[in-house]
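Protein chains in written order, with the working numbering: chain A, 7 to 388; chain B, 14 to 934. Idealized CB from N, CA, C, for every residue including glycine. Here is the structure we will look at.
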Amino acid sequence: MKFFHLADLHLGLRLNGYDLREDQGYILDEIAAYAEEERPEAVLIAGDVYDRSVPAESAMDLFETFLQKLTDLGCKVMAIAGNHDSVTRLSFGKDFFVRSGIYLAPAFAGKVQKITLQDEYGPVNFFLLPFIRPASVRRFFPEKEIVDYNGALNAALGTAELDLKERNVLAAHQYVQGSLFSGTDELIQVGGLDNAAAELFSAFDYTALGHIHRPQAVGGRENLRYAGTPLKYGGKEAGQQKSLTVVELGPKGSLALRQLPLIPLRDLVQLKGSYRELMDPAFYASRSRDDFIQFVLTDEEEVPEAMRKLQSVYSRPLSLTYEKRRRRAAAAASPAEARPRSPMELFAAFYFQQQGEPLKEKQLAVLKETLEKAEEGNNETV
Amino acid sequence: MRPCELLMSAFGPYGETAQIDFAKLGEQGLYLISGPTGAGKSSIFDALTFALYGKASGRYKKDEPGLLRSLYAEPERETFVELTFLFQGKLFRVRRSPDYQRPKKRGEGNTQHSAEAYLYDENGELLASKVRDVNQKIENLLGLDYEQFTQIALIAQGDFQKIIMADTAERRKIFQDIFRTGLYRRWQEGLQAKAAEWEEKYKELRRSLEQSLNTREAADRPEIERALAELGPEAVGLHLGTALDLLRQLVRQEEAAYEERGAALQDLQKRKEELGKQLERWQQAAACEAELELCRRNEMILSEKNAAVQAEAAEAQAAGSESLRIEEERKRLESSLEETQRLERELQKSSEREKAAAAAKEGGEKRATAARQALDAARKAGRELAGLEMQELQLQNKEKELNELRTAYKRYDAAVKEGRAKADAYIKAKKEAELAQKNYLELRTAFFDAQAGLLARSLQPGQPCPVCGARQHPAPAVLSADAPEQGGLQKAERAANAAAAAQAAAAAAAGHAHDEQEKASADFSARGRALYGEEEVGAICRAAARHKEELLQERQAVTARLSSLRAVAEKEAQWQQEVKTSEEKAPVLEKSLQDAATERSRLQGRRQAADENSKKLAASYGLSLAAGAAVLLQELQERAQALKEKFEAWEKEKQRCLQALTENRSKTKMLEERAKELGSYDAKAEQAAKEEQAEAEERLTALNDAKEKQFAVLNNNKKICRQLEKQREALEEARGNFSLYKGLSDTANGKLSGKQKLDLETYAQQAYFDQVLAEANVRLLQMTQGHYELERQESGKLSGKTGLELAVRDHYNSTLRSVKTLSGGESFQASLALALGLADVVQKEAGGLGLDALFIDEGFGSLDEGALQQAVQTLYELAEGRRLVGIISHVNGLAERIDKKIVVSKAGVGPHMSSTVRVEV
């Protein structure tokens with residue numbers, strides 16, 4: 007059984023105001039091309055199909071085209087809703103779509119959806135679990151006390167009747183402990199409460215996860231994997247390598263993974279250098295000037311109208327920062343500065359600013375005395 | 014300040030009581046208040062601010078509290094808000110209701126319910142109960158008033174621009190209150206006051222020194238004085254050193270002169286003393302001589318006196334011995350008189366004894382007579398006694414007879430009774446015998462009859478009857494049931510026989526008894542006849558009774574008389590004895606009487622003798638006893654005493670004279686020696702010395718005066734010198750302090766010329782503002798991805814009271830723009846960043862302003878997806894540190910991202926459209 011593992015398409019996402027329709031369309035076509043080559047039996051989309059619960063019309067067009075291409079190839083498509091999707095909207099027409107081999111997981115209603123496909127080794131059970139929170143799951147398990155994601159997932163996965171002799175695959179969209187995230191959009195609840203333990207998924211031969219944008223195996227486990235986004239969706243993902251995961255299940259116990267690289271239409275990079283360097287034609291001649299670029303200028307002084315000028319050369323600047331400032335900001339945030347200054351210190355600084363020299367002993371003594379008196383007055387009025 | 018529970022009753026759109034339990038939302042994180050338009054989301058914030066400050070939060074609502082009552086509430090329901098909140102670890106509860114109209118409890122129409130407020134602590138104790146007090150307390154507690162709270166902790170709908178667009182004055186006020194920069198103002202004012210103080214001091218000191226310098230008395234050193242005068246009025250201020258030197262010089266010179274004079278004075282003084290001593294010696298010599306003369310004269314007088322005293326010796330001695338003699342005689346007389354007295358007493362005693370003896374004798378005689386009389390009486394009684402005893406005996410006999418009679422009667426009586434009883438017994442026995450006999454006969458008959466029956470029983474037909482031998486038995490006798498047995502018959506026979514015997518016995522007994530009775534009766538009658546002459550029983554009895562009575566009485570009388578007589582008679586022997594003794598005693602008594610009399614007369618004689626003796630003695634001294642012994646004795650004593658004294662006085666005088674004489678002689682000797690020592694007296698030399706002395710005296714006085722005057726001037730100058738020296742230090746110090754304080758004060762108050770007029774408080778506020786901006790910019794840069802940053806604008810002018818202006822730096826353009834050029838969404842971001850920055854700095858600085866909870870009402874609608882994402886991210890990071898951030902928004906994107914919600918919903922339609930609220934986690 008061979009299937010693709012995709013996730014976090016975020017169709018309709020706008021990056022710093024830029025419409026990514028073209029880029030997303032391009033990468034979906036790429037994936038479809040891979041599908042034509044590899045001929046997988048199924049394509050799993052592990053959540054966050056759309057970027058918003060009410061997706062943009064263009065996004066829906068993209069998805070429709072994509073599904074069409076896949077089903078034309080005879081692949082089964084299984085998609086679950088992520089935290090960005092509206093489950094109900096995404097599962098619209100799910101019963102009809104089944105005829106075309108498209109399986110959309112409905113909202114969790116007490117039982118995990120199971121789709122069984124057959125290969126030469128026997129049945130392969132695909133369990134589709136959309137994104138759940140503790141609050142959404144509680145009412146199905148009144149006897150259990152569900153306080154966190156661990157409990158919720160435990161309860162939900164418990165409804166999947168697993169036959170461990172068969173091969174079982176789970177598609178889920180959660181934040182699992184041990185995974186590294188890019189800090190773009192993945193935190194739902196702060197404080198580590200939204201993560202689930204990796205052990206919960208140990209019963210499955212393969213768990214196709216979505217939610218984290220960086221493709222990775224969780225905690226070293228091969229069979230517990232995030233597919234990652236097909237495109238870079240944030241400045242912090244500039245250094246990542248996006249890929250498509252191909253999973254091949256042999257007989258029970260045999261698992262083979264491959265990553266197929268995904269090359270976008272326009273890349274997202276960070277360019278660091280002085281203004282002059284970056285504006286040097288020799289420099290940008292060789293580059294793609296249509297990429298989404300994060301500029302880090304190393305100039306000492308701020309360059310006036312920097313953004314506008316850069317924009318004249320590079321069509322899609324994302325942001326502009328100055329390295330020095332960052333460093334200065336970092337230094338400024340250091341504890342020494344952040345400490346509230348005592349009145350004496352303040353006066354000393356003030357004096358220095360006005361007179362150009364520090365305070366002498368005698369002056370310090372006098373100041374201390376008068377300060378005490380002033381503080382007394384302070385206490386009286388309080 | 015973290016809210017724990019909020020109760021809203023008939024408040025805003027909440028027609029009933031709505032309760033929000035904030036505790037469910039946890040201690041930190043974001044929560045979203047969502048709901049349809051007009052459901053009551055902002056009203057929650059209104060309720061919060063209203064509970065705390067009595068005003069709603071929104072820009073438009075805050076001034077009209079009357080609008081707070083819910084239109085959907087039933088008229089009886091009260092409008093109030095109750096907030097339980099945690100502040101610095103302590104729980105407080107505040108309950109507040111606004112002014113509103115409500116229906117009267119009695120009668121028709123509405124009445125005004127005035128605003129109320131109550132504040133409780135965690136134990137339920139009431140901390141304040143008037144609106145004003147509660148407001149005050151809460152402001153004090155939280156450290157924020159309404160204005161500040163709505164800028165820092167709660168950003169109401171449409172208000173977020175306020176914080177960015179506030180002008181400098183408003184910002185100043187905020188910082189002043191929050192960061193307590195008032196301290197700096199007081200500090201700089203304190204410095205200024207202190208500087209003024211020191212200036213005053215310095216001036217004062219200088220004035221006083223100048224005055225003393227100018228009013229100085231000039232010494233007699235024209236050069237120096239001139240030099241001093243030249244220094245002029247500025248001496249103290251500018252040339253203090255020089256003036257001091259000159260003065261010192263003056264003083265030194267004056268002192269030297271003073272010393273010289275002093276020496277001269279001393280020499281003169283010495284000379285004067287010498288002369289004085291010499292004069293004294295001469296005086297003494299003269300005195301001595303005079304005294305000597307006096308002593309010699311005394312000698313003569315004293316010797317004469319001594320001789321005179323000696324002459325009187327003999328006379329005195331005589332007086333002494335006479336005195337002794339008189340004393341002796343007195344003693345003798347005294348003893349004699351005593352003797353007389355003693356004898357007198359003895360005599361008295363003896364007389365008494367005599368009287369007693371006489372009385373005893375008389376008594377004895379009387380007793381003898383009495384005893385004799387008694388004896389006679391006793392004898393008489395004895396004679397009578399015999400007769401009476403005889404009588405008694407007779408009586409006894411009579412009594413005995415009577416008793417016998419009685420006994421006889423008793424016997425008779427008993428016999429009668431016996432007879433009767435026996436007769437009765439006989440009758441009875443007879444009857445019984447007859448009965449027994451009858452019974453027996455009957456039984457026999459029956460038995461015989463029965464025999465027949467028995468026989469009949471054994472009859473057999475055809476058998477011969479034992480009786481008649483007939484063989485035919487047509488009518489056999491029937492055996493009756495109660496046929497007696499043979500045994501019974503025999504018993505009955507025996508009984509009958511016994512009874513007959515008994516009867517015979519009884520008859521005999523009765524006869525016997527009867528005989529007895531006859532006998533007794535006869536006896537009794539005989540006796541009776543003998544005694545009383547009667548025969549009849551009853552008469553006898555009566556007579557006997559009477560007799561008995563008589564006898565009894567008589568007997569009694571006799572007995573009584575007998576006993577009394579016996580008593581008397583018994584005493585006869587006694588009386589006889591008595592008489593004898595009395596007769597024996599009589600002569601003894603007589604004798605004793607005579608002895609006593611003799612004694613008495615003897616004593617009398619002696620006493621007389623003694624008395625005469627005394628009289629004789631007295632006469633021998635020429636005195637008479639007439640006046641009484643005591644007086645006499647006293648007189649004698651006095652005489653003796655007088656003489657003794659005289660003698661003693663003379664003795665003393667003699668001693669004294671001798672003493673005086675001896676003393677005088679020794680004194681004379683001493684003076685003679687002294688005179689030798691002192692030498693002779695020279696009148697002329699003396700005179701000369703006196704004159705010299707007087708002269709020296711004059712010179713001395715003059716010198717002294719001059720010295721004193723110089724001394725005064727010198728001292729004065731010295732004093733001024735010292736004063737100047739001492740105060741020089743003080744003056745320098747004052748001047749130093751003055752400049753020190755002035756320097757600091759001018760700097761602190763922004764009065765430095767040529768520099769920016771920046772005072773301390775403003776500087777402090779700028780510093781705080783910088784801190785706030787630093788914090789804010791961290792967030793703003795993040796939210797705008799490095800696009801914008803806030804900067805404090807320095808004004809180019811040198812005028813003070815500025816430096817709190819705000820501008821925004823656009824990093825993409827590297828321009829500095831006014832904040833007013835930001836778009837709606839951008840200004841929301843900036844405001845949010847600023848508010849958060851302010852809260853952060855407040856937290857660090859004040860510490861006590863526990864801004865644990867923040868509330869943001871709308872504003873997110875102006876952000877696009879990316880910006881919204883950033884904003885939420887920022888808020889999450891903010892909430893990380895123990896903060897609970899509440900957001901009101903209808904933006905979907907937020908609803909998806911934030912789990913914890915407070916959902917407000919409208920229920921019903923039309924007039925009952927009250928809202929409800931619940932917490933979803």
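Pick from the options that is closest to residue i, judged by C-alpha positions
i	options	result
B/R108	B/S142, B/L99, B/F100, B/R115	B/S142
B/V592	B/E378, B/F24, B/Y197	B/E378
B/E547	B/K682, B/R805, B/L418, B/P49	B/L418
A/R314	B/P600, B/L867, B/R343, B/H800	B/H800
B/N311	B/E909, B/R678, B/R748, B/G837	B/R678
B/L157	B/C308, B/F188, B/K411	B/F188
B/K374	B/E596, B/L253, B/A130	B/E596
B/Q149	B/E135, B/Y131, B/T163, B/N136	B/Y131
Backbone secondary structure at residue i - three-state DSSP
i	result
B/R115	strand
B/S918	strand
B/R712	helix
B/F461	helix
A/G259	coil
A/M7	coil
B/F868	strand
B/Q291	helix
B/K362	helix
A/L303	strand
B/T228	coil
9 angstroms Cβ cut-off: residues of chain A touching residue i
i	result
B/V930	In chain order: nothing, as chain A lies at least about 17 angstroms away.
B/K770	The premise fails here: B/K770 is roughly 10 angstroms from chain A at the closest Cβ pair, so nothing lies under 9 angstroms.
Beta-carbon gap between residue i and residue j smaller than 7 angstroms
i	j	result
A/G241	A/P221	no
A/G107	A/T77	yes
A/P364	A/F358	yes
A/D125	A/N174	no
B/W663	B/A329	yes
Beta-carbon neighbours of residue i, restricted to chain B and to distances below 8 angstroms
i	result
A/K117	Those do not exist, as A/K117 stays about 24 angstroms from chain B at its closest Cβ, beyond 8 angstroms.
A/R347	A780
Close beta carbons around residue i, own chain, < 7 angstroms, minus the five adjacent residues each side
i	result
B/H903	S47
B/E705	L288
A/P310	none
A/G225	G184, A204
Where residue i meets chain B, residues with beta-carbon distance less than 9 angstroms
i	result
A/A158	None at all; the shortest Cβ gap to chain B is about 12 angstroms.
A/Y357	L757, T760, A761
A/T2	Because chain A in this structure spans residues 7 to 388, residue 2 of chain A falls outside the shown range and cannot be described.
Own chain, CB closer than 8 angstroms to residue i, minus 5 neighbours either side, in chain order
i	result
A/R322	Y24, R272, D296, D297, F298, I299
A/K330	T304, D305, E306
A/M350	L370, L373, K374, L377
A/N89	G53, D54, F137, H179, I194, H217
Cutoff 6 angstroms; reference residue i; Cβ partners in own chain excluding five residues on either side
i	result
A/K238	L274
B/A509	A449, Q450, Y453
B/A488	none
B/D853	E788
Under 8 angstroms by beta carbon: chain A residues contacting residue i
i	result
B/G879	R20, L21, N22, G23
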